[in-house]
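Read the structure below first, then the notes.
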C-alpha cells in the first residue's frame, strides 16, 4: 500500500457499515454486488442487529471484527456517519467510502456536517471517497471489488472513470457495458469532500492497467493543481472529460445539484485544452472516443483512407473527414494500380475507394490490405452496407483478422446494418471499433489525431522576462493611495512598458505648449489622447484626435478639446494629453486579461476595434502561459490570418505578439491584484509589422 | 390514377421483367419480397424461359400477359433495357422502375444509353424511376407493394422517403425499422433520368398518409423548381434533407458516384434554408428528427422544461437547450408550489426539476402533469436513470399514458438505461420518442421548434421596384461593345444607382480642374478614386485618396496620382477620377452577387473591409430574394449587431439595407449576364445611419 488511495482501491478487507437484509436497500444491494462479483478479500457486514447477511456473519460494530480492515463502505443515515468514522478510526481503518447522502448537497446543515466529516478524516489521517456517492470499483482479477450500487456488474477493461454525479455514473456504467467497453477502476467522488478528480488522476498516472481516464465533472475543485497533474498524465495516456454546466442556466443547475461554483465555461475550456485533456460535449461522444482509444493505436498523421461498398456513405464520411480538419489520403499510383487489378471497372480506386455494392469478402480483404500498405495512409475507415449474400459479421471478422496482422494503423468500421449486428458481434472479442454511422467513426479518428497532436506538441515552459517589477509596484501603490481602482491611460501604458510591451511612442503634456513640444519630439503625424481620472471611455467625449499633421492643427485641436470638456463640465478630471506616434495600421487586435473568480487570470487575444464585441473572435488561455500556450493562442483565432499579412499588408512579427502575451501573463502572475487589463487596439504596423500597444486600460481588484 | 406517378406508386398490376428462380439474384429477391409483403395487386413474373417463379406462372414477355399492367420493374441487363421498354409501351404499360445498372454512372457509353432510355420514356408518355436504383415501396394496407430489394420488410408509417443512393437507401430502410420508424412510400431515384426528388415532393404534397418527407440527395437537379415546390410543401408537412458532398473532396466523390455536378454547398445550404427544408448533416440526426416529428405535435413556443431523477443529465440537457438557442421555461410560482407539495425537500422545483434519485413512478406522473399544465412550458424532456426497484419500462408507459391525455405539447424521454429497454419498448406501440442521451432529445425538440418558426414565418414575396432597366442595358451593351467584361467603378456605381441603390454622391472628372469643380459641388471633405479600364484593384496602386479637406490638397493628390501611374506605366487606362462624398463610418459591410454554375445567382451580405476574407462573416441567399429572405439574410450574420448600432454609433436604416439586397436581386434576375457584383464597402453612416454604396465592381459573363 504505497499510495494513500490503495486502502480504498485495493483493500484486503472491507466492512460494509449499514449492510442490510432488507431488499431494495443500498445496504442490501451493495452486499449482494460485492459477493456476486466475487470480491477476493475479506468482507464484513456491519449491522447493529448482528445476525447473518448474505450468508456472512454480521457484526454489531466494526469494533467487533476480529481481523484488520482496510476500508469501510458507509451506508448509514447521515446523522450516524460521524460516530461511525470515530469507530472506524478506533478500529484502525484508513479508507472510507461514504455513500450516505444528506451533506453539502442538502443545504447548510449538511454542509456543516460535511465539514466535520472532513475534519475527522484529516485528523485521523484517513482518505475518504464521497459522501453522497455511488461507491468504488476495481475490476482487477486479483481483487474483483464492486463496492458500488450501479445496476450492472462491471466488465474488465482499461478505463479509469471518475464521476462527480452519482446516478449518472451508474447510468454510464450501464452504457459502457452495453457498448462492450470495460474498465479498470471507477470512483464516484460525489461531494468530493476529500478525494476528488485530481486525486484519481494522480493515482492512475502510474497504474498500468488504467489505459485511459474518463472524467465526468460539474466543477473543478483546484484548477491549478488539476492543470499541473493533467498536463503530466495526458502525455502518458488519454484523458477525456465531460464537463457539464457549460451554459449559465446549466451552471446554475449544477450549483444547485452539488453546491459547487462552476466558474466560467471558457475558463474551463482553456484549462482542459492547455492540459491536453480531450473535452467532450456529450456522453455519446465521450463513449465513442473511449471506444476508439480502447482499440486503436495513435496514428502517425492525419491522412484518412475510406473504403466502402456504397458511394453515399463514402461521400458522407469524406465530408466528415474535412469537417474535422483531417485530410483525405492521396493513394499512390502503385496502390491504385493494385486496386484496379482486382476491383471491377465500375469501382473507384481514388480515395474514397468505392468497391461497389457487389464487393465480396475477398475484395474487402485485399482492398484493406492494399491501402494499409500505402505509406500515405495513416488511418482507415471501412464501410459496409448490406448486400445480397454478404454477411455483416463475416466482413467484421475479416476486418479484425487483418487488424491483428497490421496493428500499427487505426482501423474503424462503419456498419450501416441492423442493430442485431452490434449485439451479435459483441458476444465475441471485438478489436475494432464498429459504428453505425460514418460521422461517428470519423469523430473517433479525429480524437486519436487530437491526442497524437498533443503528444507531438512542444511541452512548453513558462518564460521569465527581465521586467521592471518595482516600477509597476510603485504605480499600483500610487493608484491605491489615490483611492482609485482604474489606472489612467498613461499609468496603464507605463505598466505595460515596464513589462516590456512595445507601446507606441508617447509623451505626456499638461498644456498646449507642452503638447506642441511633445509632438515635435514624437514626430508628426501624431495622435492626441486626453487622459483623465474621471472619464475612461475617451471616444465618447471626443477625447481622441488622430492624424494631426502639423503644430498648427495640434494647437487648434487642443483648444477644441478643452472647450468640449468644459462645456460638459468635466474639465476638472483632465490630467493632460498624451501625444502618440500615429501608427499606420488597418489591423486592430486586442489582448488582455480577465480574472475568473474560480480559475484565476486568463489571457485573451483576438480581433480588436469595433469588431471585438460583434465578432467575438477571441481566444483565452489560463495564466501562467507557457510559450507553447502563447503559440497556440495566437493561432486559435481568425485574426491570425491578419497577422500572417492580408493583401498588401506586411506580415506581423508573430513571435513578438506571442511574447506580448507571455509578458502579460508574467505581469498578472506577479501582480494578482490585476482584475482587468485591455490592450485595445494592439495595432500591427502596416510598414514594420510590429505589434504596438496603442491604448491600454488596467483595473485593480 | 389522377397523377402521372400513380401508375408507379399505386399500380393494380405489376410485371417483374427479369424475374428469376436463381437464388441471391435481384430478380429472385424482388419477386420474393413482393409476395412476402403481400402485394394486393396482380403480379406477373417475366422471364424468357417461362415456367414458374415463386409459384406464379412466368411469361416469356410482357406481351404474353393477358390482363392490363400498370407498372414494370425492370431488372434485365442494361443492354436489353431499351427493347424491354419498347415492349412495355406496346403492352400499354405507363410506369417503369428500372433497377438495372450500367447507365450514366458507368461512363460515356452508359450515359448515351440513358439518354436513349429517357427519349423513349418521353416519347411513349411513360414515367420512369431509375435506372440504377433500388426500387419503390408503398406500405398502404390496400396495396402493400414492396418492389425493392432492401433487406428489411418495411414497416407502415408516415414517412415519404426519397434516396438518390441505392445501397444507402437500403441501409436506411434497415435502420428505420430498427428505430421503430415506419414509412408510407419510398422511392429510390437512382440516376433520376426521369423521376427525381422534386417529382416525389410534388406527388407527396397532397398524399395524406405521407406526414413528413425525408430526402437523401447528392445533387439537386433543378434548383429553381425544387425551391418552388419545397417552399409550398414545407408549409404543409416537414421536409428533411440530408445533402451529401458538402466538402470539395466529398463533392468530387459524389460526382464520381452519380456523375452529377454537386454545385457549391453554400448554394445548396441557401436553397434548403429558403425553402423551409430542415437540413441534416448526418444520418443519425436525420433519423432523430424523423422520430420526433413522427410522435410530437409542433410546440407553441421554445420554452423547454426538464424533469429528471438525476442532476447530471438535467444539467447536460440544460446546456443543450441553450446551445440550440431555445429557452429554459420559467415555472410559475403555482407550479413550484404544487411540486413542493409532493416532492421531497432535497428535490429542486426550479427548471430543471430534479425529483432526486428516489423518485417513484407517482412522482414522475405528478411532476409531468404539473409542468404540462404550466402555460410557460412549451415542451417537456423527461429523464430517467435506473434506480433501485423502479423499472424503466414502467416509467416509459407512465409517460406515454400521460401523453395520450395531453397530446398538445411535445414530450420526449431520455432513458439512460440499458439497450434492452429500447428493444423491449419497441415491441409495443411507442408514442413518445425515447433517446439514450439528453442531447439527442434536445436536438429533436430543436427541430420541432425550427419547423414551428418556419410555419410562423412570413411567406414573403418578390418585390418589384421601379428601376431604370434601359440605362443598365445601355451600360452593359457599351461595355460589351468595348470588348470588356469588367465594368469600371463609374459604370458599376451607375448601374447600382439605376436600380435605386443609394450610392455615395460623386462626380466624374477627367482633369485636375474638373476634379476641383466636382469637389466643390460634392462638398469637402471628399474621397478621390481613380477609375481605370486596366486596373480594378485600386488600392494596390494607391488609387484611392481619402479625407481630402481642401482644393489645394485635392490638386496635390491628383498630381501625385498621375505621377504614380505614369511611373508604373499604367497611365493609359486612366479614365479620370471620381470625387465622392466622404462617408464618416466605422461600419463597413459588404454585399454582392456570386453566380453558382448549378444554382444561379446568390446574394451575399456580411462584414466588409479588410475583414471580409478573414472573418468569413457573410451569408448567402439564392435570387430571386423574397422580402422575408432579405429580412433573414441581414439577421444571419454577426454584422447585424453593427447595424443595430454599437456603442456610440447610430442604428442603421435596416429596412433600407434589406431593400438594397432586394434591388440587387432584381438586377441579377433582370440581367442574368451579371457574373459577379460587389459593393465593398457598403458603409453605414455614423451620422445618418444610411447604408451607402461607396465602391462597386461588376463583372459580366
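Chains as they are written, first to last, in my numbering: chain P, 1 to 701; chain C, 1001 to 1701.
Where a beta carbon is used, it is the ideal one built from N, C-alpha and C, also for glycine.
Report buried or exposed for residue i, applying the criterion of at least 16 other Cβ atoms within 10 angstroms of its Cβ.
i: residue 545 (chain P); result: buried
i: residue 1034 (chain C); result: buried
i: residue 1258 (chain C); result: Note that residue 1258 (chain C) has pLDDT 48, beneath the 50 cutoff, so the model's placement of it is unreliable and no number is given.
i: residue 488 (chain P); result: buried
i: residue 1107 (chain C); result: exposed
i: residue 341 (chain P); result: exposed
i: residue 1623 (chain C); result: buried
i: residue 261 (chain P); result: Confidence in residue 261 (chain P) is poor, its pLDDT being 47 and thus under 50, which makes the residue's placement unreliable; the coordinate value appears in the next sentence. Residue 261 (chain P) comes out exposed.
i: residue 1664 (chain C); result: buried
i: residue 1008 (chain C); result: buried
i: residue 550 (chain P); result: exposed
i: residue 699 (chain P); result: buried
i: residue 1131 (chain C); result: buried
Are the beta-carbon atoms belonging to residue i and residue j less than 8 Å from one another?
i: residue 1071 (chain C); j: residue 1054 (chain C); result: no
i: residue 382 (chain P); j: residue 399 (chain P); result: yes
i: residue 1606 (chain C); j: residue 1619 (chain C); result: yes
i: residue 1561 (chain C); j: residue 1530 (chain C); result: yes
i: residue 1242 (chain C); j: residue 310 (chain P); result: no
i: residue 29 (chain P); j: residue 1388 (chain C); result: yes
i: residue 581 (chain P); j: residue 501 (chain P); result: no
i: residue 1229 (chain C); j: residue 1201 (chain C); result: yes
i: residue 1673 (chain C); j: residue 1476 (chain C); result: yes
i: residue 316 (chain P); j: residue 449 (chain P); result: no
i: residue 69 (chain P); j: residue 39 (chain P); result: no
i: residue 1682 (chain C); j: residue 1627 (chain C); result: no
i: residue 657 (chain P); j: residue 583 (chain P); result: no
For a contact defined as C-beta to C-beta under 9 Å, what are the partners of residue i on chain P?
i: residue 1218 (chain C); result: 311, 312 and 315
Report, in whole angstroms, the separation of the C-beta atoms of residue i and residue j, which I expect to be a contact under 8 Å.
i: residue 677 (chain P); j: residue 593 (chain P); result: 4 Å
i: residue 1384 (chain C); j: residue 1338 (chain C); result: Actually they are not in contact, since the Cβ atoms of residue 1384 (chain C) and residue 1338 (chain C) sit about 21 Å apart, beyond 8 Å.
i: residue 1336 (chain C); j: residue 1349 (chain C); result: 5 Å
Give a single yes or no on whether residue i has its beta carbon closer than 7 Å to a heavy atom of the ligand SAM.
i: residue 1229 (chain C); result: With respect to small molecules bound, the structure shown includes none, and the ligand SAM cannot be examined in it.
Under 8 Å, Cβ to Cβ, is there at least one residue of chain A near residue i?
i: residue 1416 (chain C); result: You won't find chain A in this structure, because its protein chains are P and C.
Given that residue i touches chain C, what residues does it touch there, using C-beta distances under 9 Å?
i: residue 614 (chain P); result: 1607, 1617, 1638, 1639, 1640, 1641, 1642 and 1646
i: residue 393 (chain P); result: Those within 9 Å of residue 393 (chain P) in chain C number zero; the least Cβ separation is about 14 Å.
Whose Cβ in chain P lies nearer than 8 Å to the Cβ of residue i?
i: residue 1284 (chain C); result: 436, 437, 439 and 440
i: residue 1686 (chain C); result: Per Cβ cutoff of 8 Å: no residues; residue 1686 (chain C) is ~11 Å from chain P at best.
i: residue 1328 (chain C); result: 249
Closer than 7 Å by beta-carbon distance: list the chain C residues that pair up with residue i, in chain order.
i: residue 719 (chain P); result: Missing from the structure shown is residue 719 (chain P); chain P here goes from 1 to 701 and no further.
i: residue 151 (chain P); result: 1386
What in chain C is Cβ-close to residue i, meaning under 8 Å?
i: residue 171 (chain P); result: 1310, 1313, 1385, 1386, 1416 and 1417
Quiz item: Touch check for the segment 1274-1286 of chain C and the segment 126-136 of chain P: three-plus C-beta pairs under 8 Å?
Solution: Three or more beta-carbon pairs separated by less than 8 Å are not found between the segment 1274-1286 of chain C and the segment 126-136 of chain P, which leaves the two stretches without contact.
Quiz item: Touching or not, the segment 1427-1441 of chain C and the segment 1461-1469 of chain C, by the rule of three or more beta carbon pairs under 8 Å?
Solution: They do not touch, by the three-pair rule.
Quiz item: If you pair each beta-carbon of the segment 1319-1337 of chain C with each one of the segment 1296-1309 of chain C, do three or more pairs fall below 8 Å?
Solution: Touching, yes, given that three or more Cβ pairs across the two stretches are closer than 8 Å.
Practice problem: Check whether the segment 1166-1186 of chain C touches the segment 1138-1150 of chain C, taking contact to mean three or more Cβ pairs, one atom from each stretch, closer than 8 Å. | Solution: Contact between the segment 1166-1186 of chain C and the segment 1138-1150 of chain C is present, because at least three Cβ pairs lie under 8 Å.
Quiz item: Pairing CB atoms from the segment 631-645 of chain P with CB atoms from the segment 564-571 of chain P, are three or more of them under 8 Å?
Solution: Put simply, the segment 631-645 of chain P does not touch the segment 564-571 of chain P. Fewer than three CB pairs are less than 8 Å apart.
Practice problem: Tell me, please, whether the segment 1203-1223 of chain C touches the segment 1119-1127 of chain C by the rule of three or more beta-carbon pairs shorter than 8 Å. | Solution: In this structure the segment 1203-1223 of chain C does not touch the segment 1119-1127 of chain C; the number of beta carbon pairs closer than 8 Å is below three.
Quiz item: How do the segment 1680-1690 of chain C and the segment 1507-1524 of chain C stand: do at least 3 beta-carbon pairs fall below 8 Å, yes or no?
Solution: No: the two stretches stay apart, fewer than three of their Cβ pairs being nearer than 8 Å.
Self-check item: Stretch pair the segment 48-64 of chain P + the segment 13-21 of chain P: three plus CB contacts closer than 8 Å
Solution: Flag = yes, the segment 48-64 of chain P and the segment 13-21 of chain P touch.
Quiz item: Does the count of Cβ pairs from the segment 352-363 of chain P and the segment 400-417 of chain P closer than 8 Å reach three?
Solution: Touching, no.
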